[in-house]
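Chains as they are written, first to last, in this note's numbering: chain D, 1 to 422; chain G, 1001 to 1111.
Think of the CB as a built atom: it goes at the ideal place given N, C-alpha and C, for glycine as much as any other residue.
These figures come from a predicted structure and were not determined experimentally.
In what follows, a single structure is set out as structure tokens and then discussed.
Here it is as structure tokens:
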């Protein structure tokens, strides 16, 4: 492995910050790495790093004792799955030797290399990995604030919001109208709104067949679009309507009191309204100074080190990862590459240029799965698609093929959650 | 290399020398065990833990003579697949071989 560092690892602004670093943060007997956020990115990274370098002190800071997974939470909403199947603890992460601190990180001092916790303590680090996932941009959609989410759930962070949306669907009379508002890019889980629409349509078709579902979209195109639309035509004709941006689908405000979604052209009063709002990186990213004006975090594609603050790495949904989507698979893959890069940097070695894979399954019905895959590598400072690789499931295949991908989707969930939490 | 980057290099070296480096003396074996490009992503679908119930084959501890032709056949389409063909197209023969050698060196069952 070469020991020369690449110039592109650091911007000149970052270099200026490094010059201000005091030495004491590194004057420790053991290297200390803090990982903030215990999801698919953070928990994986903490474990992988601890395993690769047992002599590093790895601390995972996570507020919640239980992680509730977003993948497959659309099946919970549609009544096809118990929320318990989505919940995971951190015992296995602890057993690996990682110190799990159940606390909220509220501030980062990149110069002193300190993380402040809500419990009152401060932790020093040699390298910090941020994996905070997303925060909702409250107020970015007029009328949609935290109180509104109790009437019109986003269900884009799994947990109580997931169950709230499920209860609202269960309480709705047959013949009701369900509306989903899908945001502009970028956002967590690009195919997620359309899988959700599919599985809610499945619920309505099987339980409340006189009902309607309308998807109001701030985009003209979306992930796996042709596959979704072909499946909708086949499985849910007349039940599910998608309104694109060009056709007036962009929701410009909401009224939670009447569950009304307003576009430039019409108002839609729904019996159940699922508003998937604009998002940004979790709050700690902004507090640490690693989020740019977009609200997301620019990173080096080899090490996942922040372009804005040296010594801080950002992985998962919070990162601007070029062509890689904000998916659990991508978060997990980035975490493993980042752990190897952090280990190399602690040895004063240069991380090797990685390749990363993403595979995302969506269910259109319980026995109908579709997928998208990609392979990525660093090109000109960005994670770019490897040309000729990746893409979506074929268009014209047998029901057996769709059923197989549905089976693989469930196996994927068991595999990745076992790797992250098991 | 720009002047600022050179400065960073010296600075980071200076900070780590004698502090972080001291406890972090690694054997050549540990370095060699680092996964080659792309290899760490495999475990997203191919379970490592024996406890996971999955129809997706486990690939650690298998011989390169088995893995390399399989991935090449997925890549060419000679061997049908749902998603492996799309993924294999992102890797050269050399990369596939490096991944296969690394996989073979990993314990078949682990965490």
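Put residue 313 of chain D into one of helix, strand or coil per three-state DSSP. strand
Excluding sequence positions up to five away, which residues of its chain have a Cβ less than 7 Å from the Cβ of residue 315 of chain D? 41, 45, 129, 131, 304, 331, 334, 335 and 338
Within 7 Å of any Cβ in chain G, is that where the Cβ of residue 319 of chain D sits? no
Which residues of the segment 1046 to 1066 of chain G have a Cβ closer than 9 Å to any Cβ of chain D? Give them in chain order. 1046, 1047, 1048, 1049, 1051, 1052, 1053, 1054, 1055 and 1056
Does residue 423 of chain D come within less than 7 Å of chain G when only Cβ atoms are used? Since the first residue of chain D shown is 1 and the last is 422, residue 423 of chain D is not available in this structure.
Return no unless some Cβ of chain G is closer than 7 Å to the Cβ of residue 391 of chain D. yes
Assigned exposure category for residue 81 of chain D - 16 Cβ within 10 Å defines buried: buried
Since residue 368 of chain D is in the beta strand (DSSP E), which residue starts that stretch and which ends it? 368 to 379
Could you have a look at residue 1055 of chain G and say whether DSSP puts it in helix, strand or coil? coil
What residues of chain G sit near residue 366 of chain D, judged by a beta carbon separation below 9 Å? By Cβ distance, chain G contributes nothing, its closest Cβ being about 17 Å from residue 366 of chain D, past 9 Å.
Please work out which residues of its chain come closer than 6 Å, Cβ to Cβ, to residue 57 of chain D, disregarding the five sequence neighbours upstream and downstream, and give them in chain order. 30 and 32
Under 7 Å, Cβ to Cβ, is there at least one residue of chain D near residue 1100 of chain G? no
Between D/96, D/306, D/361 and D/106, which has its C-alpha nearest residue 414 of chain D's C-alpha? D/361
Can you list, in chain order, the residues of its chain with a C-beta nearer than 6 Å to that of residue 98 of chain D? Leave out the 5 residues immediately preceding and following it. 46, 50, 58 and 60
With residue 264 of chain D as the anchor, note down where its alpha helix (DSSP H) starts and where it stops. Where residue 264 of chain D is concerned, there is no enclosing alpha helix (DSSP H), given that its DSSP letter is neither H nor E.
Mind pulling the alpha helix (DSSP H) runs of 4 or more residues that sit fully within the segment 126 to 153 of chain D? 148 to 151
Min CB distance residue 1044 of chain G to chain D below 7 Å: yes
Using the beta-carbon of each residue, which ones in chain D are nearer than 9 Å to residue 1034 of chain G? 1, 52, 340, 343, 344 and 352
Within its chain, find whatever has a CB closer than 6 Å to the CB of residue 144 of chain D; leave out the 5 residues flanking it on each side and keep chain order. 254, 275 and 277
Taking Cβ to Cβ, would you say residue 411 of chain D is nearer than 7 Å to residue 1056 of chain G? yes
Have a look at residue 73 of chain D and residue 166 of chain D and give me their C-alpha separation to the nearest angstrom. 10 Å
When you compare the CB of residue 1087 of chain G with every CB in chain D, is at least one pair closer than 7 Å? yes
Under 8 Å from the C-beta of residue 333 of chain D: neighbouring residues of chain G: 1040, 1041 and 1044
Within 10 Å of its beta-carbon, does residue 1108 of chain G have 16 or more other beta-carbons around it, so buried, or fewer, so exposed? exposed
Using the Cβ count rule (16 or more neighbours within 10 Å means buried), how would you classify residue 226 of chain D? exposed
Return no unless some Cβ of chain G is closer than 7 Å to the Cβ of residue 416 of chain D. yes
I'd like to know if residue 1037 of chain G contacts chain D, where contact means its C-beta is closer than 7 Å to some C-beta of that chain. yes
Cross-strand partners of residue 242 of chain D (DSSP beta bridge): D/215
Check for me: the alpha helix (DSSP H) holding residue 338 of chain D runs from which residue to which? 328 to 346
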